[in-house]
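From first to last, the protein sequence lines are chains S and Z.
For the first sequence, the numbering used here assigns the number 1 to the initial residue and increments by one for each residue that follows.
For the second sequence, the numbering used here assigns the number 1001 to the initial residue and increments by one for each residue that follows.
Notes follow the structure.
There are 2 protein chains.
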Amino acid sequence: MSLLRLFKELITKYTYAMRILVCFLFFIPSISISQPIIKADAQRLESRIMALSQFGIQTNGGVMRPGFGEEDIKARKYIIDLMKMLKLEVQIDAVGNIIGRREGTDSNLPFISFGSHIDAVPLGGKYDGNAGVITALECIELLNEQNLQTKHPLEVIVFVAEEDGLFGSTGMSGSLTDADLNFVCNSGKTVGQGINDVGGNSKELEKAIRKKGEILAFIELHIEQGATLYTEKLDIGVVEGIVGIEEWAITIEGMTNHAGTTPMNVRQDALVAASKLVVAINDAVNSVPGAQVGTVGTLNVEPNVSNVVPGKVSMTLEMRDLSKKKILSVYNKVKPQIKKIAKETRTKIQVKKDLSHGPALADKRLQNLIKSSAEELNFSNKLMPSGAGHDSQEMAKVAPMGMIFVPSKDGISHSPDEYTSPEDMAKGAAVLLRTILKIDKDGLQ
Amino acid sequence: MSLLRLFKELITKYTYAMRILVCFLFFIPSISISQPIIKADAQRLESRIMALSQFGIQTNGGVMRPGFGEEDIKARKYIIDLMKMLKLEVQIDAVGNIIGRREGTDSNLPFISFGSHIDAVPLGGKYDGNAGVITALECIELLNEQNLQTKHPLEVIVFVAEEDGLFGSTGMSGSLTDADLNFVCNSGKTVGQGINDVGGNSKELEKAIRKKGEILAFIELHIEQGATLYTEKLDIGVVEGIVGIEEWAITIEGMTNHAGTTPMNVRQDALVAASKLVVAINDAVNSVPGAQVGTVGTLNVEPNVSNVVPGKVSMTLEMRDLSKKKILSVYNKVKPQIKKIAKETRTKIQVKKDLSHGPALADKRLQNLIKSSAEELNFSNKLMPSGAGHDSQEMAKVAPMGMIFVPSKDGISHSPDEYTSPEDMAKGAAVLLRTILKIDKDGLQ
Chain S
1 MSLLRLFKEL ITKYTYAMRI LVCFLFFIPS ISISQPIIKA DAQRLESRIM ALSQFGIQTN
61 GGVMRPGFGE EDIKARKYII DLMKMLKLEV QIDAVGNIIG RREGTDSNLP FISFGSHIDA
121 VPLGGKYDGN AGVITALECI ELLNEQNLQT KHPLEVIVFV AEEDGLFGST GMSGSLTDAD
181 LNFVCNSGKT VGQGINDVGG NSKELEKAIR KKGEILAFIE LHIEQGATLY TEKLDIGVVE
241 GIVGIEEWAI TIEGMTNHAG TTPMNVRQDA LVAASKLVVA INDAVNSVPG AQVGTVGTLN
301 VEPNVSNVVP GKVSMTLEMR DLSKKKILSV YNKVKPQIKK IAKETRTKIQ VKKDLSHGPA
361 LADKRLQNLI KSSAEELNFS NKLMPSGAGH DSQEMAKVAP MGMIFVPSKD GISHSPDEYT
421 SPEDMAKGAA VLLRTILKID KDGLQ
Chain Z
1001 MSLLRLFKEL ITKYTYAMRI LVCFLFFIPS ISISQPIIKA DAQRLESRIM ALSQFGIQTN
1061 GGVMRPGFGE EDIKARKYII DLMKMLKLEV QIDAVGNIIG RREGTDSNLP FISFGSHIDA
1121 VPLGGKYDGN AGVITALECI ELLNEQNLQT KHPLEVIVFV AEEDGLFGST GMSGSLTDAD
1181 LNFVCNSGKT VGQGINDVGG NSKELEKAIR KKGEILAFIE LHIEQGATLY TEKLDIGVVE
1241 GIVGIEEWAI TIEGMTNHAG TTPMNVRQDA LVAASKLVVA INDAVNSVPG AQVGTVGTLN
1301 VEPNVSNVVP GKVSMTLEMR DLSKKKILSV YNKVKPQIKK IAKETRTKIQ VKKDLSHGPA
1361 LADKRLQNLI KSSAEELNFS NKLMPSGAGH DSQEMAKVAP MGMIFVPSKD GISHSPDEYT
1421 SPEDMAKGAA VLLRTILKID KDGLQ
């Protein structure tokens, strides 16, 4: 039997078996690589981060670019030009957010939205926010390069004035109040004035509000701003949610007195009381397992003179966790200590609740899609909370939300020393694009 | 036997016994009231305190009169005029101290000197220093009224710029250095300029130095500046000495970090470390019996922002006691705690010795004379250290030194609320005068 004959016979005889085999061979890749592997361009990301960093007052490697300010407006123009180059249809919404849209094949479908912010804290770095915007645009560029058109329309959002208080995203979620318009930002402008200066319209804020269902999913890539990924040498953080924050203002009143002439047993030393309280708070936060954090970040002594017994101390306490109940249970451990310390030190301790932001949980389906995208790309990853606040927490009010973290060198952020490597940004961009394509293909599952 | 005869017989027979009896009858008062009781005029003291307080910027009941300043110069003129009215021979020494002298019957004898200062801290009161000067002049007025002339020459000294750093008395003790002349005082003037402005001569400072033996005793009356006499309802404090002060500057370096993104177990929170140290210091000072005091009076947090883990804390520690050995033994209890806390909190704690002033003990004989004077005048009294610094500590370098404390209402000083009643000042003046007369009569015994 010639080889040809044998082959013909096999085809005839085992047609069904062959068909199954052929199907199987095609089926394997359709499971494991349902999406083609698309790599992001690390060099392009890095050069755009550098280009963007030129718009801002240069501060020893960092950038000063307060939202709504002159430098912010220049940086926004750079982004708008880049969006136009990438053929996005650009608009400024009523709050001043920049929105760049790319049509999908089905205009009835909701948006898949992604983005971050480009404004910076006064002594900030080049990556906080910026990395999220530049990787979002990289996704568009990669889609353009691959001639891929999604079913869903895509939307790159550049939120305005994040660092001053998430003003762009609160505008989209409908949480921005008229009182907020009078808030004075780092730029020196009020929110109201700033919105108008960047092309928004502070009198038509309601136009910026996004309806539920209008956005299928919102995803933000951001630098971690903590050291977990960097220390554990991981590529991607799959964010479980943004922690809630509870803040208290604490005032301790003792008695100002001469440090030489006031015997120890009659002192009412406000700083001794405050110190006992800081230690008690730290002990309480550490007394239960979990990722909760508690911080006394400010402490001011009056009169703060070396030879005077301190008469007054003001301090702030903030606690964060993905569960508000957990935060309050830790605080309840502090409460009896406050009473005890006030008695011991003959001082008066007053605690005033200052601020309460509930946690914003990431959509479980989005967490799974981000995680599987990272794994299919062979990037190590970890589920983790975001300890910092982000525009995503506001977007979670109007759409399912997900976040992708990339490593921050030494966990440093809000500092000129902020750094994320081009390779880490490229990994993040690839995970972001892969997640978008998965949602586009199969929806949120 | 007629009565006359009996009397004659008794005289003849019991001559020696009678002589002893007569001597005894005269001897009792010579022990118990060797000095006549001389009361000071409370009203006069009060009205002069009020008159003096007019020279100074009025601050809600207090007086702003920095040494060497314009207001100080006006107040000095008031004192000089008062001295002249009291027939004192007035001179300004090379450092700018005002010296008012009253001749004694024996010009070969050393001076009995007493006085205090009239300059005030920026937000000071009417009594600190002033009470010592006005009571000293009251003693002169009482001697004039009683037509009493002492054997020893008397000297009322009004020290210049006490609150800026005991400059008048360091000039007299020879401790004033050329470098001190460049020190900028609360008045805005340098010590050098100030000295010349008040009639001294900064180029002939050595002329102000008092030789040992030139002053038999120096006594300063001062308000207590603490609450001990006032709380315990006592009239007079017999000062055992002026405590020594040891000062340290402490710097704690941790790591500034995001309060949301930095897990508790990797934090290097400089404020938690500082708080543990403040508590440890307070515990150490309280762990041994005695009158020692220890104070962390200043504490500065960096960056002192509510949502940032504190990266750096600077604080000062000062400890005071009549024994330097005691201070150092307490500090030695703190030392191992510093090491332990630095390790626990992953911070670096640096301690720098800043200042060391040895204690100045009051002359035991003077303490006894002040105490017996108070008791003979039926004034309740107590031996006590001075926790505050005074010109007396410098004068102790050139003469036996004693101090008389009068009560401060609620222990308040360096404040517009500073108050000592006219009656308490009068009691102090009476003790001062009685002590001077005792020294004059019998020397230091």
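Ideal Cβ positions, reconstructed from N, Cα and C, are used throughout, including at glycine.
TODO: At 4 residues or longer, and completely inside the segment 217-251 of chain S: list those alpha helix (DSSP H) runs for me, N to C.
DONE: 228-231
TODO: Work out the CA separation of His152 of chain S and Gln225 of chain S for me, nearest whole Å.
DONE: Position 225 of the first sequence holds residue 225 of chain S. Position 152 of the first sequence holds residue 152 of chain S. C-alpha separation (whole angstroms): 31 Å.
- [ ] Compute the distance between the beta-carbons of Arg101 of chain S and Leu109 of chain S, then report whether it is under 8 Å.
- [x] By 1-based counting over the first sequence, the position of residue 101 of chain S is 101. By 1-based counting over the first sequence, the position of residue 109 of chain S is 109. Against a cut-off of 8 Å, the Cβ pair of Leu109 of chain S and Arg101 of chain S comes out as no contact.
TODO: Specify, as a first and last residue, the run of the beta strand (DSSP E) that Gly1085 of chain Z falls within.
DONE: Translated into positions along the second sequence, residue 1085 of chain Z becomes position 85. It should be noted that the sequence gives Met, not Gly, for residue 1085 of chain Z. No beta strand (DSSP E) holds Met1085 of chain Z; the alpha helix (DSSP H) holding it covers 1070-1085.
Task: Pairwise C-alpha distance: Asp1128 of chain Z and His1414 of chain Z - done: The sequence position of residue 1414 of chain Z within the second sequence is 414, counting from 1. The sequence position of residue 1128 of chain Z within the second sequence is 128, counting from 1. Rounded to whole angstroms, His1414 of chain Z to Asp1128 of chain Z spans 7 Å at the Cα level.
Task: Thr59 of chain S, DSSP secondary structure in three states - done: The count along the first sequence starts at 1 and reaches residue 59 of chain S at position 59. Thr59 of chain S falls in the strand class under three-state DSSP.
- [ ] Using a Cβ cut-off of 8 Å (strictly closer), state whether Lys409 of chain S contacts chain Z.
- [x] As a working mapping, residue 409 of chain S is identified with position 409 in the first sequence. Not one chain Z Cβ lies under 8 Å of Lys409 of chain S.
Open item on the list: Can you confirm whether Ser173 of chain S, when its beta carbon is compared against all beta carbons of chain Z, has any partner nearer than 8 Å?
Closed with: As a working mapping, residue 173 of chain S is identified with position 173 in the first sequence. Ser173 of chain S does not count as touching chain Z.
- [ ] Determine the closest residue to Lys438 of chain S out of S:Ile112, S:Thr262, S:Glu70, with distance taken between C-alpha atoms.
- [x] Start at 1 with the first residue of the first sequence, and residue 438 of chain S comes out as number 438. Measuring from the Cα of Lys438 of chain S, the nearest candidate turns out to be S:Ile112.
Open item on the list: Using only the alpha-carbon positions, how far apart do Ala362 of chain S and Glu220 of chain S sit?
Closed with: Working through the first sequence from its first residue, we reach residue 362 of chain S at position 362. Working through the first sequence from its first residue, we reach residue 220 of chain S at position 220. One C-alpha to the other measures close to 11 Å.
- [ ] Drop a sphere of 10 angstroms on the beta-carbon of Ala51 of chain S, count the other beta-carbons inside from all chains shown, and report buried for 16 or more, exposed for fewer.
- [x] Within the first sequence, numbered from 1, the residue matching residue 51 of chain S stands at position 51. Ala51 of chain S should be labelled exposed.
Task: Length at least 4, wholly inside the segment 297-373 of chain S: the alpha helix (DSSP H) runs in chain order - done: For the segment 297-373 of chain S, the continuous alpha helix (DSSP H) assignments of 4+ residues that do not extend past its boundaries occur at 324-345, in sequence order.
Open item on the list: Report the CB separation of Ile1092 of chain Z from Gly1199 of chain Z in whole angstroms; it is logged as a contact under 8 Å.
Closed with: For the purposes of this step, residue 1092 of chain Z is taken as the residue at position 92 of the second sequence. For the purposes of this step, residue 1199 of chain Z is taken as the residue at position 199 of the second sequence. Going by Cβ atoms, the distance from Ile1092 of chain Z to Gly1199 of chain Z rounds to 4 Å, so yes, they are a contact pair.
Open item on the list: Here's a check: name, in chain order, each residue in its chain whose Cβ is nearer than 8 Å to the Cβ of Asn1186 of chain Z, leaving out the five neighbours to either side.
Closed with: Mapped onto the second sequence, residue 1186 of chain Z falls at position 186. Pro1066, Gly1067, Gly1069, Val1121, Pro1122, Glu1163, Asp1164.
Task: C-alpha gap between Ile31 of chain S and Lys1276 of chain Z, whole angstroms - done: Here the question's residue 31 of chain S lines up with position 31 in the first sequence. Here the question's residue 1276 of chain Z lines up with position 276 in the second sequence. In this prediction, Ile31 of chain S has a pLDDT of 43, which is less than 50 and means its spatial position is unreliable; what the coordinates show is noted afterwards. Their backbone Cα atoms lie some 58 Å apart in a straight line.
Task: 8 Å Cβ cutoff, His414 of chain S in contact with chain Z - done: Locating residue 414 of chain S in the first sequence gives position 414, where the first residue counts as 1. Yes - at least one Cβ of chain Z is within 8 Å of the one on His414 of chain S.
Open item on the list: Quick check on DSSP: helix, strand or coil for Asn381 of chain S?
Closed with: Stepping through the first sequence from its first residue, residue 381 of chain S is reached at position 381. Reduced to three states, the DSSP call for Asn381 of chain S is strand.
Task: CA-to-CA distance, Tyr1419 of chain Z to Asp119 of chain S, given in whole angstroms - done: In the first sequence, residue 119 of chain S corresponds to position 119, counting from 1. In the second sequence, residue 1419 of chain Z corresponds to position 419, counting from 1. About 57 Å.
- [ ] In the DSSP assignment, find the unbroken alpha helix (DSSP H) run with Glu1138 of chain Z in it and report its ends.
- [x] Numbered from 1 along the second sequence, position 138 holds the residue referred to as residue 1138 of chain Z. It spans 1130-1145 - the alpha helix (DSSP H) in which Glu1138 of chain Z sits, taken as one unbroken run.
- [ ] Give the range of the alpha helix (DSSP H) segment to which Val1288 of chain Z is assigned.
- [x] Residue 1288 of chain Z sits at position 288 when you count from the first residue of the second sequence. Judged by DSSP secondary structure, Val1288 of chain Z falls outside any alpha helix (DSSP H); it is assigned neither H nor E.
Task: Cβ of Ala1396 of chain Z within 8 Å of any chain S Cβ - done: Counted from its first residue, the second sequence places residue 1396 of chain Z at position 396. Not one chain S Cβ lies under 8 Å of Ala1396 of chain Z.
Open item on the list: If we define contact as Cβ-Cβ less than 8 Å, is Gly387 of chain S a contact residue for chain Z?
Closed with: In the first sequence, residue 387 of chain S corresponds to position 387, counting from 1. True, the Cβ-Cβ gap to chain Z drops below 8 Å.
Task: 7 Å Cβ cut-off: residues of chain Z touching Asn130 of chain S - done: As a position in the first sequence, residue 130 of chain S is number 130, starting the count at 1. Those within 7 Å of Asn130 of chain S in chain Z number zero; the least Cβ separation is about 17 Å.
Open item on the list: Looking at the secondary structure, which residues open and close the beta strand (DSSP E) in which Leu154 of chain S lies?
Closed with: Reading the first sequence from its first residue, position 154 is the one you call residue 154 of chain S. First-last of the beta strand (DSSP E) with Leu154 of chain S: 154-159.
Task: DSSP state of Gln1393 of chain Z mapped onto helix, strand, coil - done: To locate residue 1393 of chain Z, count along the second sequence from 1; it is residue 393. Correct three-state label for Gln1393 of chain Z: helix.
TODO: Check each candidate in Z:Gly1244, Z:Val1301, Z:Asp1440, Z:Ile1412 and name the one with the smallest Cα separation from Gly1358 of chain Z.
DONE: For this step, residue 1358 of chain Z is matched to residue 358 along the second sequence. Considering only alpha carbons, the answer is Z:Gly1244.
TODO: Give a yes or no on whether the C-beta atoms belonging to Asn182 of chain S and Thr170 of chain S are separated by under 8 Å.
DONE: Position 182 of the first sequence, counted from the start, is the residue given in the question as residue 182 of chain S. Position 170 of the first sequence, counted from the start, is the residue given in the question as residue 170 of chain S. Their beta carbons are not under 8 Å apart, which means Asn182 of chain S does not touch Thr170 of chain S by this criterion.
- [ ] Could you say which of Z:Val1278, Z:Ala1274, Z:Val1285 lies nearest to Val1301 of chain Z if we only look at CA atoms?
- [x] For the purposes of this step, residue 1301 of chain Z is taken as the residue at position 301 of the second sequence. Checked all of Z:Val1278, Z:Ala1274, Z:Val1285; the closest Cα to Val1301 of chain Z is Z:Ala1274.
- [ ] Report buried or exposed for Ala1179 of chain Z, applying the criterion of at least 16 other Cβ atoms within 10 angstroms of its Cβ.
- [x] Mapped onto the second sequence, residue 1179 of chain Z falls at position 179. Flag for Ala1179 of chain Z reads exposed.
Task: Ile327 of chain S to His390 of chain S span [Cα, whole Å] - done: On the first sequence, residue 327 of chain S is found 327 positions in, with the first residue counted as 1. On the first sequence, residue 390 of chain S is found 390 positions in, with the first residue counted as 1. Approximately 19 Å between the Cα atoms of the pair.
- [ ] Identify the contact partners of His1258 of chain Z in chain S, using a Cβ-Cβ distance below 8 Å as the criterion.
- [x] Residue 1258 of chain Z sits at position 258 when you count from the first residue of the second sequence. Within 8 Å Cβ-Cβ: Gln225, Gly226, Gly387, Ala388, Gly411, Ser413, His414.
Open item on the list: Mapping the DSSP letters down to three states, classify Phe1111 of chain Z as helix, strand or coil.
Closed with: To locate residue 1111 of chain Z, count along the second sequence from 1; it is residue 111. Looking at Phe1111 of chain Z - three-state DSSP - the assignment turns out to be strand.
TODO: Determine whether the Cβ of Pro1310 of chain Z lies closer than 8 Å to any Cβ atom of chain S.
DONE: Indexing the second sequence from 1 puts residue 1310 of chain Z at position 310. Chain S contact via Cβ: present.
Open item on the list: For His258 of chain S, list the residues DSSP reports as bridge partners.
Closed with: Taking the first residue of the first sequence as position 1, residue 258 of chain S is located at position 258. Answer by DSSP bridge pairing, in chain order: S:Val308.
- [ ] With a threshold of 16 other CB atoms inside 10 Å of the CB of Gln1268 of chain Z, please say whether the residue is buried or exposed.
- [x] Here residue 1268 of chain Z is taken as the residue at index 268 of the second sequence, counted from 1. Gln1268 of chain Z should be labelled buried.
Open item on the list: Short of 8 Å Cβ to Cβ, which residues in the segment 208-221 of chain S face chain Z?
Closed with: none
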